Amino acid sequence: MIEYSRNLRSALPTSRLTLFLIAGLISLIADSAPFSCVKVRAQAAAESATPPAKRAPLRVIRDRYSALSSVAVDLERNEVVGTDENLFQIVVYERLADTPRTAAMTEPKRVIGGLKTRIEFQCGVYIDPASGDIYSVNNDTVDKLVIFSRQAKGDVPPDRFLETPHGTFGIAVDEEKEELFLTVQHDNAVVVYRKTASGKDAPIRLLQGGRTGLADPHGIAIDTKNRLMFVANHGSVHSKMADPRLEGISSLQIKANWPLNEGAPGSGRILPPSITVYPLDASGDAIPLRVIQGPKAQLNWPAGLAVDPERGELYVANDMSDAVLVFRETDGGDAAPLRALRGPKTGIKNPTGVFLDKKNGELWIASFGNHTLTVYPPTAQGDTAPLRAIRSAPSEAPSLMIGNPGAVAYDQKREEILVPN
Amino acid sequence: MAHPQIAAFARSAEGNARATRKIEGQGTLLCRTMHAIAYDEIHDEIVVPQPFGQAVLTFRGSARGEEAPIRVIQGPKTRLQNTAVLTLDAVNNELFVVERDGVLVFPREGNGDIAPRRILNPGVDLSAGGGIAVDPVHDLLILTGSEPGANRGEAGSAAGRDGLLVYNRTDQGKVRPRAFIGGPKSGITNITRVQVYPPRGWIIANISGQLGELASEGAFVGVWSITDKGDVPPRWTIGGPKGTLKKPRGLALDPKNKTLIVSDKRLNAVLTFAFPEIF
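Chains as they are written, first to last, in our numbering: chain U, 612 to 1032; chain H, 138 to 416.
Shown next as C-alpha cells:
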C-alpha cells in the first residue's frame, strides 16, 4: 500500500508521443554511456513506446536447455531416451554417448517435440523392448499417454494415444501379461490398462482408497518374478468421493475403473513420504503388504523407482537428497537403505528418474537438477563418479526446474520474483 | 511436474539465471500444482495453496531451503477441497480461497483446523479455479466465472471462466455481482488469473485462449477498469493477441519499476513487460 500511494501521486497520464520522445532521448544517451543501467532504462523506455499488444518482454526467465526428468534404455537398439520436461521433448541419444567435459552438451540423435506431439511436462517414459515404441507420460495439462514409434522424429502426432486420468506420473509395464501401470498424483491411485489400449479405453484395474496408503504417488516399479508392485509417495493425500455433478448420469457413461476424483472437503493430510508395496494384481482399496517409511529410510520426495528381481533390490531416485537409495525388496517400516549413491563426484542433482539396464549391467539416473543422464554400475555406492554422463546443457547452466508456473508473485522487499510449480 | 518448488529470482534475472533461493523439500509440506502465490509486503510472508493436502501454507518472507511453514490451515472445519487458487488482503488481514461452490474467507493469521469466517456463494461454478483478487481501496472482490444465470458451457469448462465478476469485498452468502465484464468485444475466452491495481482501479486478467489448445495465438493480458460493465474491450492488451504469450498463467505487478510480470505455461517461463500505462 505504501508503494501504491507513491505511485498514485506519480501516475499522471503520459501521451505515447511524449514516451516516444523520451525513449529516443534516452537511447541516444545510452549509446554513448558506459553505464548499463542507462541502457536498460533506454530499453524499457523504447519498449514503452511500442503499443503494449506488440511490446516485447524486457526480460524472460527461461531454461533454454532440455531438463531431463525420466530415462529409459532401448536395449535392442542401444539408445537411451529421456523426457525433457522443460522444452516438452523426447530426446534420444546413443547409449554409449559420453559428453566430454570441454563440450557444451551432447546433441540428441533424435528429438520428438512440438505442438502436434501433444507432449507437455512429461515425467515418465517406457520403451517397448520388442518394437522400440516410446511411451511418454504427460504429467500435467495433457491427460494423455502418448506413444511414438521408434521412427518418429520432429513435430509429429503420436502413433497412438490413450486418455488417462489427470496427473499421471510413473509408468511400468508387465510385458508377459501385456498390462500397463500408471500412477495418478491427483487421485492417489494406480490405474492398470491393457498395454495395447488406446483412445478412450477404460482401465482394467484400479487401486485407490484410504487403506492403500497412496499419497501423491510418483514413481512405480513392478517385479513380475515375485509378483510385486512398488510405489513412491510424496505424502500429501485427501479422501476421494464420487463427483456430485455426475449424479443422475447413467453408469454406462462413466468409465470403468476410473478413479474417484472429487475431494472430500477438509479431509486433507500431509504424511511422511513412503514406498508402498502391493501384490502385482492389487486392486480396489487394498492394504499394502508393507510400507517403507520413517527417518532411517531417508526418503525426501522419492520419485522414480526401478527394481532388480534377481538381486531383490529396489532403487529410489530420492529427489531432495541428491541421491539414489537402494532398499531390499523385502524391506518395510523404518528401514535404512542398503546403500546410497550420493556425493559431489556422482554428479547427481535432484534425481527424478532411474532405469536399471540388466542387459548391460548399468544403472541410469535422470538428474532434473543439472541437465544430465548419468550411468553407474548397479552396485555403485557412496561418492562414485559416473561411468558416463550425457549433458544436455553447458555444465555451468543451472537447471531452473520451473514446471507449469501457474502463478507468480513479486517480493517488493527483496526485489525478487517468486515462481511456484 | 517432477519437482515441486517455490523459486525466487532476482528482479533483473533473465535466461538461465540461477534462483537466488528456493523453498523445497519434504519439510516445506509443499506439493505441486500451486496455482496461486501471494507475497504479503506488510507482514513479510509468502502464502501458497497445497491442493493435494487441502491446505494453505504460510512461510516467512525470507524462507529458503527445507524450511517449514509458520502456519498451516488444514482440517475438517476448513471446508478446503480443491485449494488451488487464493489471494491475500493484507490490509484487512483476510485470506480468500476459491472453491467450487464459493469463496472461503479466513483470517490472515488463521492456523490449524479453523472454520472460514464467511463464505461467498456467487452462484456460478468456480471449480475451474480461474482467479481471484481483492481491491482493498475500493473494497472490491474480483472473481472469474460465467455471468450468473447465463448457464454457459459445462461445469468446470473454460466457458465457466469467460468473464470477470465484481463483488463487494465483504459480500457473503448468495449474492449477485455488482458487475459482469465479458462478451465478444471483451475478447475474454478463458481467464486464468486476475490481479488488481487499486490506485488506478485496474483489473488485469490473463486471457489464455481456448481450452484444449496447448498454445494460443489468442492469448494476452487485458486491462479493464473496476467501473467497466458488460461487453467492453480491454483498455490495453499486452503480450498479444498474436504476441509473445502462448498460455499465460500467473500475474504480478511491480509498481516501483512499472512492470508487469507474467508466467506462461507453454513457454515454461516468466516474462517481464514494461507497462507504465497502468501505473
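Quick reminder that beta carbons are idealized off the backbone N, C-alpha and C, glycines included. A quick note: this is a predicted structure, and the numbers were derived from the prediction, not measured.
Can you pull the chain U neighbours of residue i, defined as C-beta to C-beta under 9 Å?
{"i": "W422 (chain H)", "result": "Outside the shown range of chain H, which is 138 to 416, sits residue 422 (chain H), and nothing can be said about it."}
{"i": "N248 (chain H)", "result": "Near N248 (chain H) there are no residues of chain U at all, since even the closest Cβ is about 15 Å away, more than 9 Å."}
What would DSSP say about residue i, mapped onto helix, strand or coil?
{"i": "G635 (chain U)", "result": "Bear in mind that the predicted position of G635 (chain U) carries a pLDDT of just 39, short of 50, making it unreliable; the figure below should be weighed with that in mind. Helix."}
{"i": "T326 (chain H)", "result": "coil"}
{"i": "R197 (chain H)", "result": "strand"}
{"i": "D177 (chain H)", "result": "strand"}
{"i": "G290 (chain H)", "result": "Because G290 (chain H) carries a pLDDT of 46, less than 50, the predicted location of this residue cannot be relied on, and the following value inherits that uncertainty. Correct three-state label for G290 (chain H): coil."}
{"i": "A562 (chain U)", "result": "Absent from the model: residue 562 (chain U). The displayed extent of chain U is 612 to 1032, so no value can be given."}
{"i": "S932 (chain U)", "result": "helix"}
{"i": "K907 (chain U)", "result": "helix"}
{"i": "A813 (chain U)", "result": "coil"}
{"i": "A664 (chain U)", "result": "helix"}
{"i": "K851 (chain U)", "result": "strand"}
{"i": "P213 (chain H)", "result": "helix"}
{"i": "I1001 (chain U)", "result": "strand"}
{"i": "G915 (chain U)", "result": "strand"}
Spatial neighbours of residue i within its chain, please: C-beta separation below 7 Å, excluding the five flanking residues on both sides.
{"i": "V703 (chain U)", "result": "E690, V692, P719, K720, R721"}
{"i": "K806 (chain U)", "result": "V784, E789, E790, L791"}
{"i": "T710 (chain U)", "result": "M716, T717, A1000, I1001, R1002"}
{"i": "L632 (chain U)", "result": "Note on L632 (chain U): pLDDT 38, under 50, position unreliable in the model; no value is reported."}
{"i": "T396 (chain H)", "result": "T409, F410, A411, F412"}
{"i": "A917 (chain U)", "result": "A832, Y926, V965, F966, L967"}
{"i": "S894 (chain U)", "result": "R816, L817, L818"}
For the beta strand (DSSP E) that residue i lies in, which residues bound it at each end?
{"i": "D785 (chain U)", "result": "779-785"}
{"i": "F243 (chain H)", "result": "240-244"}
{"i": "P385 (chain H)", "result": "385-391"}
{"i": "S747 (chain U)", "result": "745-749"}
{"i": "I344 (chain H)", "result": "339-344"}
{"i": "T220 (chain H)", "result": "It is not in any beta strand (DSSP E) - T220 (chain H) carries neither H nor E in the DSSP assignment."}
{"i": "H829 (chain U)", "result": "828-834"}
{"i": "M840 (chain U)", "result": "839-844"}
{"i": "W987 (chain U)", "result": "One point to set straight first is that residue 987 (chain U) is Tyr, not Trp, in the sequence displayed. 983-987 is the span of the beta strand (DSSP E), which, as asked, contains Y987 (chain U)."}
{"i": "R805 (chain U)", "result": "800-805"}
{"i": "E1027 (chain U)", "result": "1027-1031"}
{"i": "K755 (chain U)", "result": "755-759"}
{"i": "D695 (chain U)", "result": "690-695"}
{"i": "F189 (chain H)", "result": "Neither: F189 (chain H) is in no beta strand (DSSP E) and is coded neither H nor E."}
Rank the options by C-alpha distance to the C-alpha of residue i and give the top, closest one.
{"i": "L669 (chain U)", "options": "H:F243, H:I398, H:S199, H:L217", "result": "H:I398"}
{"i": "N229 (chain H)", "options": "H:E246, H:L217, H:N219", "result": "H:E246"}
{"i": "A227 (chain H)", "options": "H:N153, H:V274, H:N394, H:P188", "result": "H:V274"}
{"i": "N394 (chain H)", "options": "H:E414, H:R216, H:S199, H:P186", "result": "H:E414"}
{"i": "T215 (chain H)", "options": "H:L232, H:R201, H:G202, H:P206", "result": "H:L232"}
{"i": "K907 (chain U)", "options": "U:L900, U:L818, U:G943", "result": "U:G943"}
{"i": "L351 (chain H)", "options": "U:D751, U:A843, U:L871", "result": "U:D751"}
{"i": "G810 (chain U)", "options": "U:E774, U:N872, U:Y889, U:A714", "result": "U:E774"}
{"i": "M138 (chain H)", "options": "U:D994, U:H829, U:E786", "result": "U:H829"}
{"i": "G725 (chain U)", "options": "U:N971, U:L882, U:E696, U:A1020", "result": "U:E696"}
{"i": "N799 (chain U)", "options": "U:G1017, U:T887, U:I1028, U:P955", "result": "U:T887"}
{"i": "L679 (chain U)", "options": "U:I1013, U:N1032, U:E1026", "result": "U:I1013"}
Kindly list, in the order they appear in chain H, the residues whose Cβ is closer than 9 Å to that of residue i.
{"i": "N697 (chain U)", "result": "N405"}
{"i": "M1012 (chain U)", "result": "M138, A139, H140, Q142, A144, A156, K159, E161"}
Applying a beta-carbon distance threshold of less than 7 Å, which residues of chain U neighbour residue i?
{"i": "V185 (chain H)", "result": "P1031"}
{"i": "P141 (chain H)", "result": "N1032"}
{"i": "H172 (chain H)", "result": "G1017, A1018"}
{"i": "T381 (chain H)", "result": "A667, P668"}
Within the same chain, show all residues whose beta-carbon is closer than 6 Å to that of residue i, passing over the 5 residues directly before and after it, in chain order.
{"i": "V407 (chain H)", "result": "S400"}
{"i": "K159 (chain H)", "result": "Q142, A144"}
{"i": "L882 (chain U)", "result": "A826, G846"}
{"i": "G162 (chain H)", "result": "E203"}
{"i": "G320 (chain H)", "result": "D368"}
{"i": "D919 (chain U)", "result": "L967"}
Can you find the residues in the same chain that come closer than 8 Å, C-beta to C-beta, to residue i, ignoring five residues on each side of it along the sequence?
{"i": "F146 (chain H)", "result": "A154, A156, T157, V407"}
{"i": "L277 (chain H)", "result": "V271, V303, Y304, N305, R306, R315, V333, I363"}
{"i": "P213 (chain H)", "result": "D250"}
{"i": "N911 (chain U)", "result": "P884, N929, D930, M931, S932"}
{"i": "C648 (chain U)", "result": "The predicted position of C648 (chain U) is uncertain, since its pLDDT is 45 and thus under 50; a value taken from the coordinates is nonetheless stated next. So the list is empty, once near-sequence residues are dropped."}
{"i": "N961 (chain U)", "result": "D930, M931, D933, S978, F979, G980, N981, S1010, M1012"}
Show which residues of chain H have a CB atom less than 7 Å away from the CB atom of residue i.
{"i": "W912 (chain U)", "result": "G162, Q163"}
{"i": "K1024 (chain U)", "result": "E178, D181, G198"}
{"i": "G879 (chain U)", "result": "G190, Q191, A192, Q211, L217"}
What in chain U is Cβ-close to residue i, meaning under 8 Å?
{"i": "I398 (chain H)", "result": "V1019, Y1021, I1028"}
Using a cut-off of 8 Å between C-beta atoms, extract the partners of residue i located in chain H.
{"i": "G874 (chain U)", "result": "Q191, Q218, N219"}
{"i": "N750 (chain U)", "result": "M138, A139"}
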